[in-house]
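Numbering (UniProt numbering) for the sequence shown: 1 to 126. Even glycine gets a Cβ: it sits at the ideal position worked out from N, Cα and C. Take a look at the structure below.
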Amino acid sequence: MAAIPYTKYEDVARALEWLTEAFGFTERERFANPDGSVFHAEMLTPAGDPVFLAGPGGDYRAPASTGYRSAMVSVEVPDVDAQFARAEAAGAKPVFPPTDTPQGMRVCKVEDLEGHEWFFTRHSAG
Numbered sequence: 001m002a003a004i005p006y007t008k009y010e011d012v013a014r015a016l017e018w019l020t021e022a023f024g025f026t027e028r029e030r031f032a033n034p035d036g037s038v039f040h041a042e043m044l045t046p047a048g049d050p051v052f053l054a055g056p057g058g059d060y061r062a063p064a065s066t067g068y069r070s071a072m073v074s075v076e077v078p079d080v081d082a083q084f085a086r087a088e089a090a091g092a093k094p095v096f097p098p099t100d101t102p103q104g105m106r107v108c109k110v111e112d113l114e115g116h117e118w119f120f121t122r123h124s125a126g
């Protein structure tokens, strides 16, 4: 069993490109409406974990369009500092830089192009 984050974007096609550049995600598949707009897409993190994306609909909107956040996505990465630098270079808004926690984790947090918060972590061995 797996929990898969499902994030909403106003422009899913743009988000696919940006998440590839900023986070190193890989597009697995996309589904488009007759007008060509993407209504659902699936990506894989560098570790191969799935992330789903969808266009807005009903009561669901991207944080940037509402001013509110409802969730944060956490992704385990081998190098938090490199992930932070890559995301920042692609235009991610830094929330907090790579930091070591008392629990033995290295963590950082960034905000993506539509306001979703992404928390990148690495657990120390041992």
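Whose C-beta lies closer than 6 Å to the C-beta of residue i among residues of the same chain, with five residues either side of it excluded?
| i | result |
| --- | --- |
| Ala22 | Ala87, Ala90 and Ala92 |
| His40 | Phe31 and Ala54 |
| Ile4 | Pro50 and Phe52 |
| Ser124 | Gly104 |
| Phe120 | Val75, Val77, Val80, Gln83 and Cys108 |
| Leu16 | Glu27 and Ala41 |
Can you tell me whether residue i is helix, strand or coil according to DSSP?
| i | result |
| --- | --- |
| Ala87 | helix |
| Leu19 | helix |
| Val38 | strand |
| Asp100 | strand |
| Ser65 | helix |
| Glu10 | coil |
| Val80 | helix |
| Glu57 | Inspection of the sequence shows that residue 57 is occupied by Gly rather than by Glu. Note: Gly57 maps to strand in three-state DSSP. |
| Ala32 | strand |
| residue 144 | Missing from the structure shown is residue 144; the chain here goes from 1 to 126 and no further. |
| Leu44 | strand |
| Tyr119 | The question names Tyr, but residue 119 in the sequence shown is Phe. Looking at Phe119 - three-state DSSP - the assignment turns out to be strand. |
If I measure Cβ to Cβ from residue i and keep anything under 7 Å in the same chain, skipping five residues before and after, which residues do I get?
| i | result |
| --- | --- |
| Leu44 | Phe25, Thr26, Arg28 and Pro50 |
| Glu117 | Arg69, Met72, Val95, Lys109 and Glu111 |
| Val101 | First, the residue type needs correcting, since residue 101 is Thr and not Val in the sequence shown. If we look at Thr101 and ignore the five residues flanking it on each side, its Cβ neighbours are Val107. |
| Pro97 | Phe84 and Cys108 |
Does the Cβ-Cβ distance between residue i and residue j come in under 8 Å?
| i | j | result |
| --- | --- | --- |
| Val80 | Thr7 | no |
| Ala13 | Val38 | yes |
| Glu10 | Pro56 | yes |
Once the 5 residues before and after residue i are set aside, which same chain residues still bring their CB inside 8 Å of it?
| i | result |
| --- | --- |
| Gly126 | Confidence is the limiting factor: at Gly126 the pLDDT is only 47, short of 50, which leaves the residue's position unreliable, though a coordinate-based value still follows. Same-chain partners within the cutoff: Gly104. |
| Trp18 | Ala90, Gly91, Asp112 and Leu113 |
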